[in-house]
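> Those protein sequence lines, which keep their order, are chains A and B. Following the working numbering from start to finish, the first sequence increments by one per residue and tops out at 268. Following the working numbering from start to finish, the second sequence increments by one per residue and tops out at 135. Cβ atoms here follow ideal geometry from the backbone N, Cα and C, with glycine treated the same way.
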Amino acid sequence: MRVEQIDVPVTITAGAGATTGTGYLPVGLRGMLGAVRVEVPQMDGTTTVTITIHDEDDVAMFTKASVAENATTVLLPSDSSAPDWGTGDRIPIHSGPSPWYAKIVASGAQTSADMTTGVRLYVFC
Amino acid sequence: MCVEQHDVTVTIDPTVSATTATSVLPRGTEGIFAAIRIVMPAVDAALIGPSVYIVDGDGAYVYEYGPVLPNTTAWYPSEPNLVEAGLAPYWRGIDRVPVSGLSSQWSVKVIADAEQTESREIGFRLLFFVGADD
């Protein structure tokens, strides 16, 4: 078994009501999600973000709310609320031919500058 | 280890059966069942939605999940997280649900809790882990 480390950049472009950024997973990435690492900087008007991973049809495969800003957090599959993966469950990743994507939604608008961050996925292949 | 995807559509046709429909999985489907995405339309008696099953070649239920809420599209784990009685077998998170359609035809089945007056098409996407994992 190999472990692939995939960095998915996500940017929330500054503006009124700017809360959401999206980054696509590589086409062809297939395997079992091991962990999600996210580094959230200090943000404007925001105390937490929600991290999600979606399939190509916008259906959530992983959801974790209330991830703190100004911190680096490692999330486990069992941290997901929707679907509610229990301890020991394995999250399949099947990105492609239409790519899956990661989304970050901030609790408040990013107004002063773009917020550039991203998620790092560890995938067993 | 890799992941394979199979899309299956099940249609409850009131002229055939007002509550139950089955669609076979592609012959040769095998692996560790990982997750299922269900596209559930509006149904009659919408307060309680249908239950879905994966059935082996001899008719035994290998996976049961339900009720699935109407008008929803969501991924569900291979482990039923519901606490309702009657889920069988109750795979825990540490378990691995096998699917092996090499020698027999496995299928996906839907049983609605009330008779349907119109045709209901329900979409499924199944993901499997395949290949060596060590």
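Return the bridge partner residues of B/Arg38 from the DSSP annotation.
As a working note, residue 38 of chain B is residue 37 in the second sequence. According to DSSP, which records beta bridges pairwise, B/Arg38 is partnered with B/Trp76 and B/Arg126.
> Take the Cβ of B/Gly102 as the centre, count every other Cβ of all protein chains shown within 10 Å, and call the residue buried at 16 or more, exposed below.
Counted from its first residue, the second sequence places residue 102 of chain B at position 101. It is buried - the Cβ of B/Gly102 has at least 16 other Cβ atoms within 10 Å.
> The beta strand (DSSP E) spanning A/Pro152 covers which residue range?
Against the first sequence, residue 152 of chain A aligns to sequence position 9. Segment Val146 to Ile155, the beta strand (DSSP E) holding A/Pro152.
> From which residue to which residue does the beta strand (DSSP E) around B/Glu65 run?
Counting from 1 along the second sequence, the entry for residue 65 of chain B is found at position 64. Per DSSP, the continuous beta strand (DSSP E) segment holding B/Glu65 begins and ends at Tyr62 to Tyr66.
> B/Ala1 CB to nearest chain A CB: under 9 Å?
With chain B represented from 2 up to 135, any question about residue 1 of chain B goes unanswered, as that position is not in the structure.
> Taking the Cβ atom as the reference point for each residue, do A/Arg173 and A/Leu264 lie within a distance shorter than 9 Å?
Start at 1 with the first residue of the first sequence, and residue 173 of chain A comes out as number 30. Start at 1 with the first residue of the first sequence, and residue 264 of chain A comes out as number 121. No, Cβ-Cβ distance for A/Arg173 and A/Leu264 is not below 9 Å.
> Can you tell me whether B/Pro78 is buried or exposed? The criterion is at least 16 other CB atoms within 10 Å of its CB, across all chains shown.
The residue you call residue 78 of chain B lines up with position 77 of the second sequence. Counting Cβ neighbours within 10 Å, B/Pro78 comes out buried, since at least 16 surround it.
> At the 9 Å Cβ level, is B/Asp96 part of the contact set with chain A, yes or no?
The sequence position of residue 96 of chain B within the second sequence is 95, counting from 1. B/Asp96 counts as touching chain A.
> Just to confirm before moving on: does the CB-CB distance between A/Ile194 and A/Val262 stay below 9 Å?
Counted from its first residue, the first sequence places residue 194 of chain A at position 51. Counted from its first residue, the first sequence places residue 262 of chain A at position 119. Inclusion of A/Ile194 and A/Val262 in the CB contact set at 9 Å is warranted, their separation being smaller than that value.
> Hey, out of A/Met144, A/Ala161, A/Val153 and A/Gln148, whose CA is closest to A/Ser255's CA?
Residue mapping note: residue 255 of chain A aligns to position 112 of the first sequence, counting from 1. Comparing Cα-Cα distances from A/Ser255 to each of A/Met144, A/Ala161, A/Val153 and A/Gln148, the minimum goes to A/Ala161.
> Looking at C-alpha atoms only, which residue of A/Val153, A/Ile149 and A/Thr260 is the closest neighbour of A/Ala178?
Position 35 of the first sequence, counted from the start, is the residue given in the question as residue 178 of chain A. Selected option, being the one with the closest Cα: A/Ile149.
> Does DSSP classify B/Asp8 as helix, strand or coil?
By 1-based counting over the second sequence, the position of residue 8 of chain B is 7. DSSP places B/Asp8 in strand when its eight states are reduced to three.
> When the Cα atoms are used, what is the spatial distance from B/Val9 to B/Thr23?
Here residue 9 of chain B is taken as the residue at index 8 of the second sequence, counted from 1. Here residue 23 of chain B is taken as the residue at index 22 of the second sequence, counted from 1. Answer to the nearest angstrom: the Cα atoms are 10 Å apart.
> So what does DSSP say about B/Ser101, is it helix, strand or coil?
The count along the second sequence starts at 1 and reaches residue 101 of chain B at position 100. Strand.
> Quick check on DSSP: helix, strand or coil for B/Ser52?
Position 51 of the second sequence, counted from the first residue, corresponds to residue 52 of chain B. Looking at B/Ser52 - three-state DSSP - the assignment turns out to be strand.
> Nearest-angstrom Cα distance between A/Thr191 and A/Ser250?
On the first sequence, position 48 is the one that residue 191 of chain A refers to. On the first sequence, position 107 is the one that residue 250 of chain A refers to. When rounded, the distance between both Cα atoms is 6 Å.
> Beta strand (DSSP E) containing B/Glu116: first to last residue?
Reading the second sequence from its first residue, position 115 is the one you call residue 116 of chain B. First-last for B/Glu116: undefined, no H or E at that position.
> Hey, would you say B/Val109 sits closer than 9 Å to B/Ile55, going by beta carbons?
The residue labelled residue 109 of chain B in the question sits at position 108 within the second sequence. The residue labelled residue 55 of chain B in the question sits at position 54 within the second sequence. Result yes, Cβ atoms of B/Val109 and B/Ile55 sit closer than 9 Å.
> Give the DSSP-derived three-state secondary structure of A/Pro235 in the structure shown.
The sequence position of residue 235 of chain A within the first sequence is 92, counting from 1. A/Pro235 falls in the strand class under three-state DSSP.
> Distance cutoff 9 Å, beta carbons only. Does A/Ile236 sit that close to anything in chain B?
On the first sequence, residue 236 of chain A is found 93 positions in, with the first residue counted as 1. It does; some Cβ of chain B falls within 9 Å.
> Going by C-alpha to C-alpha distance, which of B/Val63, B/Val40, B/Tyr64 and B/Leu70 sits closest to A/Asp200?
Sequence index remark: in the first sequence, residue 200 of chain A carries index 57 (1-based). Per the Cα distances, B/Val40.
> List the whole-angstrom C-beta distance separating A/Gly171 from A/Pro152, where the pair is believed to meet the contact cut-off of C-beta under 8 Å.
For the purposes of this step, residue 171 of chain A is identified with residue 28 of the first sequence, where counting begins at 1. For the purposes of this step, residue 152 of chain A is identified with residue 9 of the first sequence, where counting begins at 1. About 18 Å; that fails the 8 Å criterion.
> For B/Glu80 and B/Pro99, what's the separation of their Cα atoms in angstroms?
Position 79 of the second sequence, counted from the start, is the residue given in the question as residue 80 of chain B. Position 98 of the second sequence, counted from the start, is the residue given in the question as residue 99 of chain B. So the alpha carbons of these two residues sit roughly 12 Å apart.
> Near B/Arg126, what residues of its chain come up, given a Cβ to Cβ distance below 6 Å and the 5 sequence neighbours on each side ignored?
What you label residue 126 of chain B is simply residue 125 of the second sequence in a count that begins at 1. Cβ neighbours of B/Arg126 beyond the five flanking positions: Asp8 and Arg38.
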